[in-house]
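Counted the way numbering that gives the first Met the number 0 counts, the sequence shown spans residues 0 to 267.
Cβ coordinates follow ideal geometry from the N, Cα and C atoms, glycine included.
These figures come from a predicted structure and were not determined experimentally.
The block underneath contains the structure these notes are about, expressed in structure tokens.
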Amino acid sequence: MYLNKFNKKFYIKEFFFDKEFTEDGKVEFIVNVKIDFMNNDLNTYHRFLNEAKLSALAIAIHFAIIRNVSDKLENNSLKLLILDDLFISLDMSNRLSLITLLKEYFSDFQIFFFTHDKALFEIFKDKMSWRAYEIYVDESDEGYEIPFLKKSNTLLEQAKLQKYKKNYDCSANLLRQYTEKLLCKFLPTDRLVNRNCKQLDLNGLLQNGVRFENEKDDTNQNIIAVLEELKTYRSIVLNPASHYHDINVYRRELEDIILSLNKLEYEL
Numbered sequence: 000m001y002l003n004k005f006n007k008k009f010y011i012k013e014f015f016f017d018k019e020f021t022e023d024g025k026v027e028f029i030v031n032v033k034i035d036f037m038n039n040d041l042n043t044y045h046r047f048l049n050e051a052k053l054s055a056l057a058i059a060i061h062f063a064i065i066r067n068v069s070d071k072l073e074n075n076s077l078k079l080l081i082l083d084d085l086f087i088s089l090d091m092s093n094r095l096s097l098i099t100l101l102k103e104y105f106s107d108f109q110i111f112f113f114t115h116d117k118a119l120f121e122i123f124k125d126k127m128s129w130r131a132y133e134i135y136v137d138e139s140d141e142g143y144e145i146p147f148l149k150k151s152n153t154l155l156e157q158a159k160l161q162k163y164k165k166n167y168d169c170s171a172n173l174l175r176q177y178t179e180k181l182l183c184k185f186l187p188t189d190r191l192v193n194r195n196c197k198q199l200d201l202n203g204l205l206q207n208g209v210r211f212e213n214e215k216d217d218t219n220q221n222i223i224a225v226l227e228e229l230k231t232y233r234s235i236v237l238n239p240a241s242h243y244h245d246i247n248v249y250r251r252e253l254e255d256i257i258l259s260l261n262k263l264e265y266e267l
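The following block contains the structure:
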């Protein structure tokens, strides 16, 4: 059932168990798996399946064992699931499949997920209601390395914090990044680049956002209105804040941009 979340082309037919003697006369227990791949038996699946499929198979079996054992525990037992860079050999579609598996079958567990992959970290942070932290290497007063742990806020949360600290240029720059992130989630892939397949800047993304929404049969005028607002803020606040400039950035402007971004996120 878990394997089906990753790949529907193969499944486990059965497990079979054996034992053999080692060279020093000890008994070694062996577990083998019979795999059906598109209606073909794979007795030597480890020579046929690629690394991603083998990883999915291993993860599915591992999780099934954990679920089976945990279901036999008392209801008040502590259930922990600790995952340390589990997805090194999995592609993005399989990584997203694991999110579905965790949500559906392990919601009663406390899950600790560790990764050094920043992109994957941001994806999981968006899709899972987890507390997110970033760990860095710091240096003690004595000169040896120590860990530095900080809460990983969203771009919008960081922008609000910098606004509160009166770092208005920094806040505006973070708001620009958050605007780009929302538009990259909103627009299809082919609308994120120009004719030369180069990534669009904020101006291009906003213009494509308006065109894309206008082309729909059920055009949402609220989205278009907010995008037009952001086009104005881009020229007077968001662009200057990302470059050296001698203009002022005001608190009220930042608050208006945050309000617009909240409306855009709601509509999307």
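Asked, Found
"Inter-residue Cα distance where the pair is threonine 114 and histidine 242", "32 Å"
"At least 3 beta-carbon pairs within less than 8 Å: the region 254-265 vs the region 222-230", "yes"
"Boundaries (first-last residue) of the beta strand (DSSP E) holding asparagine 202", "Note, asparagine 202: premise wrong, no beta strand (DSSP E); alpha helix (DSSP H) at 201-213."
"Spatially closest choice to lysine 117 from Asn202, Glu133, Ser69, Val68, by CA coordinates", "Glu133"
"contact_flag[the region 71-85, the region 14-32] where n(CB pairs < 8 Å) is 3 or more", "no"
"Simplified DSSP state of lysine 165, which is helix, strand or coil", "coil"
"Assumed close pair lysine 4, methionine 37 - CB separation to whole angstroms, cut-off 8 Å", "Not a contact, Cβ separation roughly 18 Å."
"Anticipated Cβ contact below 8 Å, isoleucine 60 with isoleucine 34, distance rounded", "Not a contact, Cβ separation roughly 11 Å."
"From Lys102, Glu73, Arg46, residue whose alpha carbon lies closest to that of leucine 80", "Lys102"
"Beta strand (DSSP E) segments (min. 3 residues) lying fully within the region 72-133", "79-83, 109-113"
"According to DSSP, residues forming a beta bridge with phenylalanine 14", "Val32"
"Helix, strand or coil at alanine 232 according to DSSP, with G and I counted as helix", "Here residue 232 is tyrosine; the residue named in the question, alanine, does not match the sequence. It is helical."
"Rounded straight-line distance, which links the Cα of tyrosine 44 to that of leucine 72", "33 Å"
"Whole-angstrom distance between alanine 131 and threonine 248, CA atom to CA atom", "As written in the sequence, residue 248 is valine, which differs from the threonine given in the question. For valine 248 and alanine 131, the distance between alpha carbons rounds to 30 Å."
"Backbone secondary structure at lysine 150 - three-state DSSP", "strand"
"Nearest-angstrom beta carbon gap, asparagine 207 and isoleucine 190 [assumed within contact, 8 Å]", "The residue you asked about is not isoleucine; residue 190 is arginine in the sequence shown. That pair is a contact at about 5 Å."
"Identity of the residue in Asn67, Phe20, Tyr177, Val32 nearest phenylalanine 14 by Cα", "Val32"
"Residues near alanine 171 in its chain [Cβ-Cβ closer than 7 Å; skip 5 each side]", "Val236, Leu237, Ala240, Val248, Leu253"
"Residues bridged to tyrosine 135 [DSSP beta-bridge criterion]", "Phe147"
"Beta-carbon proximity of leucine 56 to leucine 2, cut-off 9 Å", "yes"
"Coil, strand or helix - leucine 41 by DSSP", "strand"
"Segment limits, alpha helix (DSSP H) that includes alanine 57", "50-69"
"Buried/exposed call for isoleucine 64, threshold 16 Cβ in 10 Å", "exposed"
"Delimiting residues of the alpha helix (DSSP H) encompassing arginine 250", "250-266"
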